[in-house]
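Structure first, commentary second.
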Amino acid sequence: MHVFTTLYFLGLLIGIGYYVLTHLIFKEIKENKSILFLLGAGLVVLGLVVGGFGGMPISVLGIGILTIAVILIMTGKHFLWRKYIFTFIVLVIVGITSFVYINKPGYWIIKKENPYTTTQDNVYSYYKELQTNPDIKGFKVMNITEGRKAIVLSLGKERTGDSLEVTNLKEQYEKTTLTVRSFYNKSTEKNPTIIVGVDRLQPHIEIRDVDGTIYKKVK
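Following the numbering used here, the numbering of the sequence shown begins with 45 at its first residue and continues without gaps.
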């Protein structure tokens with residue numbers, strides 16, 4: 045799920061949570077004060093956009109809070125309608141979040157040495173090639189069992205002594221982004237490599253390091 049969508053949903057939940065808190069627990073707080081507080085809080089958070097694009101994500105949180113304030117104003121004294129609308133919003137957020145979580149692509153790390161592999165196994169053959177020719181660096185996508193894919197990422201001989209680990213795998217529209225972290229740990233590999241198995245891949249693939257490096261595809 046995109047970060048803007050997540051923050052908007054969070055803003056909606058904060059607004060609903062504040063309304064429930066003030067009207068079910070602290071009933072002495074007047075209706076007008078609650079709405080004014082939400083409007084003020086939403087505008088303050090939204091105002092962070094003035095700081096430039098860096099404030100954009102947090103500003104979306106303010107839009108979510110303002111949405112709830114507007115709903116409170118529009119529904120007026122129709123408390124039953126508010127309950128229906130807020131219940132619907134919560135159910136939609138839970139449904140979308142659950143769907144995204146269930147459909148999140150899975151990944152696993154494939155061992156580089158397998159005693160049961162054969163010389164015909166293309167993934168392990170390619171790994172051996174990388175160690176024989178450590179000048180090769182970048183990533184390569186290979187087919188494995190049952191339609192699944194393997195991403196083989198190598199750093200090249202200039203990064204000898206480093207290792208790789210996966211920090212995140214996400215899908216966005218028609219793009220799969222795999223994020224890794226490279227670190228020095230006196231690895232004995234001539235060409236530091238990681239082999240990542242994935243359930244599926246989108247047409248566009250991006251492999252990036254947490255330090256900002258974008259790895260190119262091996263031709």
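Ideal placement from N, C-alpha and C gives every residue a C-beta, glycine not left out.
Going by CA-CA distance only, name the one from the options that's closest to residue i.
| i | options | result |
| --- | --- | --- |
| Y228 | F183, L208, D243 | L208 |
| V134 | V64, R244, V88, Q246 | V64 |
| K214 | I107, I249, T257 | I249 |
| N177 | T204, W152, T189 | T204 |
| T237 | T141, R225, T50 | R225 |
| L87 | T111, H67, K121 | T111 |
| V210 | I239, G139, V262, K260 | I239 |
| K127 | K219, I251, H67 | H67 |
| D255 | T223, I117, D243 | T223 |
| I251 | E202, S198, D243 | S198 |
| G182 | I258, V104, E233, V47 | I258 |
| V262 | V144, F143, F123, M186 | M186 |
| K121 | E202, D165, E173, I79 | I79 |
Helix, strand or coil for residue i per DSSP?
| i | result |
| --- | --- |
| V196 | strand |
| I154 | coil |
| R203 | helix |
| T163 | With a pLDDT of only 49 at T163, under 50, the local geometry of the prediction cannot be trusted, and the value read off the model is given with reservation. If DSSP states are grouped into helix, strand and coil, T163 belongs with coil. |
| G108 | helix |
| G61 | helix |
| L245 | coil |
| G120 | coil |
Considering only DSSP beta bridges, list what residue i is partnered with.
| i | result |
| --- | --- |
| V210 | V224 |
| I238 | L197 |
| Q216 | K219 |
Over what stretch of residues does the alpha helix (DSSP H) that includes residue i continue unbroken?
| i | result |
| --- | --- |
| V262 | Counting along the chain, V262 falls outside any alpha helix (DSSP H), and DSSP gives it neither H nor E. |
| E250 | Unbroken run through E250 is the beta strand (DSSP E), 248-253; no alpha helix (DSSP H). |
| K127 | 123-146 |
| T232 | Per DSSP, T232 belongs to no alpha helix (DSSP H) and is neither H nor E. |
Where do the N-terminal and C-terminal ends of the beta strand (DSSP E) with residue i fall, by residue?
| i | result |
| --- | --- |
| N187 | 182-187 |
According to the Cβ coordinates, are residue i and residue j closer than 8 Å?
| i | j | result |
| --- | --- | --- |
| I137 | I115 | no |
| Y217 | V196 | no |
| K184 | L245 | no |
| G106 | L56 | no |
| L82 | Y52 | no |
| W125 | T131 | no |
| I154 | N235 | no |
| S231 | D253 | no |
| V167 | I188 | yes |
| Y151 | G241 | yes |
| V104 | F48 | yes |
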